[in-house]
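> Supplied in structure tokens, the structure appears directly below.
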Ligand code: SAH
């Protein structure tokens, strides 16, 4: 039994069944605090870890909007859940080349990942919560951040809970599941409120669906494989698909503007990732094959291109980032 499972069983004994939200929150807090989950040796791989082109496209899109908004000197680069800091380093290289001199603010709760980010993003400043970001124009990125925030599940109008039964953890009810995520709504509201008041643009990328729909999307991944969600609490990555309709609603409720939701592959191609791959291949002929494979991984419909979606949230006074129209 994992240390967290022992603690959760004690908690359920003392307090009664716990919500899926409380379970997911406890599992991910423990999981991220105790390891670097990324890469071949870890549990999963993300787009910025696949290719530098991913962060470069994002840096290009944000740098371009910043210039078009008059290049405000007080704008900051901000990222939610930056992982190893790879995306930030790739995006900032492009933004610095475009003249951006702003500060770098990273929202990260994991001490293990913060330590890695200090190497990849030496000029960063760290925060525990989005609400601690300075009130300035934001150029913000969140890649595979929202999927890790806890969701609630309801079956037939009743909140689904985790109980101890038959010697293990199980759900207290099954049936058609409706998912909501107050934690994600709150995160988006917080970003959108700052964008509406101070200006800026945020790019949010994750796997999920464009329209709210019923369905149980809670999943666990360990060693690059799907595993049962209630097994080995705290030792596997728990995520749920992102409801982009809910994201857009939370952002507009808080006074920000939103773009349409676009599939990742289509968005990267509109931003010119193909030309970037070709330029890199010309400069590094020995990597041409690799570049073709990573390009396919990020963009093709049967890999990350279609399941992953992108939305931009922006100040009504700023132009929408490129690639969404
Ligand atoms: N964006 C990175 C990493 C994605 S993994 C990439 O694309 O590679 C999720 C990231 O979110 C990790 O950095 C994790 O530590 C962080 N995280 C998870 N829950 C968080 C929370 N509640 N607050 C801040 N960061 C969180």
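Numbering (the numbering used here), first residue to last: 1 to 325.
Glycine is no exception: its CB is placed at the ideal position from the N, C-alpha and C atoms.
As the structure is a computational prediction, the values presented were derived from the model and not from experiment.
#1: Following the continuous alpha helix (DSSP H) through residue 12, name the residue where it begins and the one where it ends.
#2: Mind reading off the beta-carbon distance from residue 281 to residue 291? Whole number of angstroms is fine, and I expect it under 8 Å.
#3: Take residue 255 and list the residues in its own chain whose beta-carbon comes closer than 6 Å to its own, dropping the five residues that flank it on each side.
#4: Let me know if residue 322 comes out buried or exposed under the rule of 16 or more other beta-carbons within 10 Å of its beta-carbon.
#5: Does at least one heavy atom of the ligand SAH sit under 7 Å from the Cβ of residue 30?
#6: Under 6 Å Cβ to Cβ from residue 192, same chain only, skipping five residues before and after it: list those, please.
#7: Within a Cβ cutoff of 8 Å, which residues of the same chain sit near residue 212, ignoring the five residues on either side of it in sequence?
#8: Name, in chain order, the residues that DSSP records as bridge partners for residue 143.
#9: Would you mind listing the beta strand (DSSP E) stretches within the stretch 121-181 that are 3+ residues and don't spill past its ends, in chain order?
#10: Please name the residue in 119, 274 and 316 whose C-alpha comes closest to that of residue 53.
#11: Check whether the Cβ of residue 191 sits closer than 7 Å to any heavy atom of the ligand SAH, and report yes or no.
#12: With a threshold of 8 Å, are at least 3 pairs of Cβ atoms found where one atom belongs to the stretch 12-28 and the other to the stretch 155-166?
#13: Count the other CB atoms within 10 Å of the CB of residue 15; is the residue buried (16 or more) or exposed (fewer)?
#14: Measuring straight from C-alpha to C-alpha, what distance separates residue 248 and residue 286?
#15: In this structure, does DSSP put residue 106 in helix, strand or coil?
#16: Alpha carbon to alpha carbon, how far is residue 224 from residue 3?
#17: Considering Cα atoms alone, identify which of 277, 110, 240 and 34 is closest to residue 148.
#18: Identify the continuous beta strand (DSSP E) that holds residue 261 and give its terminal residues.
#19: Identify every run of the beta strand (DSSP E) within the stretch 190-275, keeping only runs that are complete inside it and at least 3 residues long; order them along the chain.
#20: Per DSSP, residue 308 forms a beta bridge with which residues?
#21: For residue 132, count neighbouring C-beta atoms within 10 Å of its own C-beta (all shown protein chains included) and say buried if the count is 16 or more, exposed if not.
#22: Report the three-state DSSP secondary structure of residue 320 (helix, strand or coil).
#23: With three or more beta-carbon pairs closer than 8 Å as the criterion, would you say the stretch 30-41 touches the stretch 179-191?
#24: My guess is that residue 194 and residue 271 are in contact by the Cβ rule of under 8 Å, so how many angstroms apart are they, rounded?
#25: Between residue 129 and residue 294, is the Cβ-Cβ spacing less than 8 Å?
In terms of the structure at hand:
#1: Here residue 12 is taken as the residue at index 12 of the chain shown, counted from 1. Start and end: 3-15.
#2: Position 281 of the chain shown holds residue 281. Position 291 of the chain shown holds residue 291. Yes, residue 281 and residue 291 are in contact; Cβ-Cβ is about 5 Å, under 8 Å.
#3: On the chain shown, position 255 is the one that residue 255 refers to. Here the set comprises 196.
#4: Sequence index remark: in the chain shown, residue 322 carries index 322 (1-based). A buried status is given to residue 322, since no fewer than 16 other beta-carbon atoms sit within 10 Å of its beta-carbon.
#5: Taking the chain shown and counting its residues from 1, one reaches residue 30 at position 30. Answer for residue 30: no, Cβ out of range of the ligand SAH.
#6: Position 192 of the chain shown, counted from the start, is the residue given in the question as residue 192. 251, 254, 256 and 313, listed in sequence order.
#7: Working through the chain shown from its first residue, we reach residue 212 at position 212. Closer than 8 Å at Cβ, skipping near neighbours: 243, 245 and 246.
#8: As a position in the chain shown, residue 143 is number 143, starting the count at 1. When DSSP reads this structure, residue 143 sits in a beta bridge with 205.
#9: 124-127, 138-143, 152-155, 161-165, 168-171 and 177-180
#10: Within the chain shown, numbered from 1, the residue matching residue 53 stands at position 53. That would be 274, whose Cα lies nearest to the Cα of residue 53.
#11: Position 191 of the chain shown, counted from the first residue, corresponds to residue 191. Residue 191: no, Cβ never under 7 Å from the ligand SAH.
#12: yes
#13: Translated into positions along the chain shown, residue 15 becomes position 15. Exposed: under 16 other Cβ atoms inside 10 Å.
#14: Taking the first residue of the chain shown as 1, we reach residue 248 at position 248. Taking the first residue of the chain shown as 1, we reach residue 286 at position 286. When rounded, the distance between both Cα atoms is 43 Å.
#15: Taking the chain shown and counting its residues from 1, the one referred to as residue 106 is at position 106. Three-state DSSP puts residue 106 in a strand.
#16: As a working mapping, residue 224 is identified with position 224 in the chain shown. As a working mapping, residue 3 is identified with position 3 in the chain shown. The alpha-carbon separation between residue 224 and residue 3 amounts to approximately 22 Å.
#17: For the purposes of this step, residue 148 is taken as residue 148 along the chain shown, with counting starting at 1. Selected option, being the one with the closest Cα: 240.
#18: Counting from one through the chain shown, the residue named residue 261 turns up at place 261. First-last for residue 261: undefined, no H or E at that position.
#19: 200-209, 219-222, 225-227 and 237-239
#20: Position 308 of the chain shown, counted from the start, is the residue given in the question as residue 308. Residue 308 is bridged to 207.
#21: By 1-based counting over the chain shown, the position of residue 132 is 132. Under this definition residue 132 is an exposed residue.
#22: If you number the chain shown from 1, residue 320 lands on position 320. The answer is coil: DSSP assigns residue 320 none of H, G, I, E or B.
#23: The stretch 30-41, when compared against the stretch 179-191, does not touch it at the 8 Å Cβ threshold.
#24: Translated into the one-based positions of the chain shown, residue 194 becomes position 194. Translated into the one-based positions of the chain shown, residue 271 becomes position 271. At roughly 25 Å, the Cβ-Cβ gap does not stay under 8 Å, so residue 194 and residue 271 are not in contact.
#25: Translated into positions along the chain shown, residue 129 becomes position 129. Translated into positions along the chain shown, residue 294 becomes position 294. Contact flag unset, no.
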